[in-house]
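Presented below is the structure to which this report refers.
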Amino acid sequence: MELTIKGRHWSPSTAFRTFAVERVRKLARFYPSLIRAELTVTREGYRHHAELRLHGNGVDLLTKGEDTDPRAAVDVVVDKSERALERHKDRLKDRKKRAGARGPVMPANFEE
Numbered sequence: 056m057e058l059t060i061k062g063r064h065w066s067p068s069t070a071f072r073t074f075a076v077e078r079v080r081k082l083a084r085f086y087p088s089l090i091r092a093e094l095t096v097t098r099e100g101y102r103h104h105a106e107l108r109l110h111g112n113g114v115d116l117l118t119k120g121e122d123t124d125p126r127a128a129v130d131v132v133v134d135k136s137e138r139a140l141e142r143h144k145d146r147l148k149d150r151k152k153r154a155g156a157r158g159p160v161m162p163a164n165f166e167e
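In case it helps, our numbering puts the sequence shown at residues 56 to 167.
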């Protein structure tokens, strides 16, 4: 997975970058076909806004979160992304399961 980390109005340290890389790479465990992730952390006064965009086969996801600590903001965003990816995966499984259960569609006036 290709990962891009950006900082707006501040420059993220190497320790922060390694922390963010570890957290975001764990998302591939839930949805292995992720291709690219973009993490943008913006500092506005005492708050840090984190925004995570995930791109992959069949998924384009944007999650946002904020906190006073940039690491906590990244944690919030990654947790939201985990839940969203799990929901997406469950919907795909459910759709496949229900498609086979319906069977062939017959017209109402079908005679044998």
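We put the CB at the ideal spot given by N, CA and C, even for glycine.
Let's see if you can read the secondary structure: which residues bound the alpha helix (DSSP H) around Arg108?
By one-based count along the sequence shown, residue 108 stands at place 53. Here Arg108 belongs to no alpha helix (DSSP H); instead the beta strand (DSSP E) covers 102-111.
Look up Asp149 in the DSSP assignment and say whether it is helix, strand or coil.
Against the sequence shown, residue 149 aligns to sequence position 94. Of the three classes helix, strand and coil, the one that applies to Asp149 here is helix, per DSSP.
Exposed or buried, what is Gly113 when buried is set at 16 or more other beta-carbons lying within 10 Å of its beta-carbon?
Indexing the sequence shown from 1 puts residue 113 at position 58. With fewer than 16 other Cβ atoms within 10 Å, it is exposed.
Straight-line Cα distance separating Asp115 from Ile90
In the sequence shown, counting from the first residue as 1, residue 90 sits at position 35. In the sequence shown, counting from the first residue as 1, residue 115 sits at position 60. Straight-line spacing of the CA atoms in Ile90 and Asp115 works out to 10 Å.
For Glu57, list the residues DSSP reports as bridge partners.
Along the sequence shown, read from residue 1 onward, the residue named residue 57 stands at position 2. Within the DSSP secondary-structure output, Glu57 pairs in a beta bridge with Arg91.
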